[in-house]
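Structure first, then comments.
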Amino acid sequence: MTLVLGALALVGWRTAPRRSWRVVDIVVAAVLGVALGLVFTVWNLGWSPLSNALEFFPPVKGLFVGVWLLGGVVGGLVVRKPGAAVFVEVVAAVVSALIGNQWGFATVWYGLLQGLGAEVVLAVLLYRQWGAVAAVGAGIGAGVVVGVLDTTLYYPEFSAGLKLVYGASAVVSGIVIAGLGGWALTRALARTGALAPLASGRNAQRV
């Protein structure tokens, strides 16, 4: 999966306009990653009781995974540079893993693949679209990835039908929480002026 996602993203990077990273881009991406890593940590604490409450029909747990996909969507929309979605999602995952959670180091490579899922969609759009459609697309990309990973690694006992329900639930979560939620968060940040040094702050109406 990593090779496939990486190859798709590379195609987009090669055909997109060249946009070199500046120091401010790196700093903002790192700060976003740390902040979202703290959000992940809080969500990790609530996951066990929520997961237990949904044991009556485990596939619906996928509806709540979108929180962990925010890094890729928000990172891509805010920084608007090739690799930003992966960078922010991985930093957030590393912060979550270092603070401590129930999944350990697996969080980091999950973050890498989820970030790539969002990155591929932004690459296909040639890093020229930054509105709600791009956000939802990135959320779908990340949702597909986490759906495949979870049903393969954590729920291998699910029937094909239940895996399909879980995957669809993860995609819906990617659309609503990561996609629309990430788009709304980016717009809110832009309105505060915090993103003024970036294109996402100067052109807030296009977000």
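All letters in the sequence shown, in the order written, are residues 0 to 206 by numbering that gives the first Met the number 0. Each residue gets a CB set at the ideal place from its N, CA and C atoms; glycine is no exception. Please read all numbers here as calculations on a predicted model, not as lab measurements.
Residue from the options with nearest C-alpha to residue i
i: leucine 115; options: Ala84, Leu125 and Leu188; result: Ala84
i: glycine 61; options: Ala92, Ile174 and Val72; result: Ile174
i: leucine 31; options: Leu112, Val89 and Val120; result: Val89
i: alanine 134; options: Leu111, Phe63, Pro58 and Val119; result: Val119
i: serine 199; options: Tyr165, Gln128, Ser168 and Gly136; result: Gln128
i: threonine 106; options: Leu124, Gly36, Val147 and Val73; result: Gly36
i: arginine 21; options: Leu44, Pro81 and Leu69; result: Pro81
Where the alpha helix (DSSP H) containing residue i begins and where it ends
i: phenylalanine 86; result: 83 to 98
i: arginine 186; result: 180 to 191
i: phenylalanine 39; result: 22 to 52
i: alanine 105; result: 105 to 123
i: serine 172; result: 159 to 172
i: glycine 61; result: It is not in any alpha helix (DSSP H) - glycine 61 carries neither H nor E in the DSSP assignment.
i: isoleucine 139; result: 131 to 152
i: leucine 76; result: 69 to 78
The ligand SAH heavy atom lying under 7 angstroms from the CB of residue i
i: valine 123; result: The ligand SAH is absent from the structure shown, which contains no ligand whatsoever.
Rounded distance between the beta-carbons of residue j and residue i, thought under 8 angstroms
i: valine 78; j: alanine 28; result: 5 angstroms
i: serine 255; j: glycine 142; result: There is no way to answer for residue 255, as the model of the chain reaches only from 0 to 206.
i: leucine 44; j: glycine 180; result: Contact doesn't hold; Cβ gap of about 19 angstroms is too wide.
i: asparagine 100; j: threonine 151; result: 20 angstroms between Cβ atoms; not a contact.
Inspect the CB distances between the region 66 to 77 and the region 177 to 189 and report whether three or more fall short of 8 angstroms.
-> yes
For the region 152 to 164 against the region 44 to 55, are there 3 or more C-beta pairs whose distance is under 8 angstroms?
-> no
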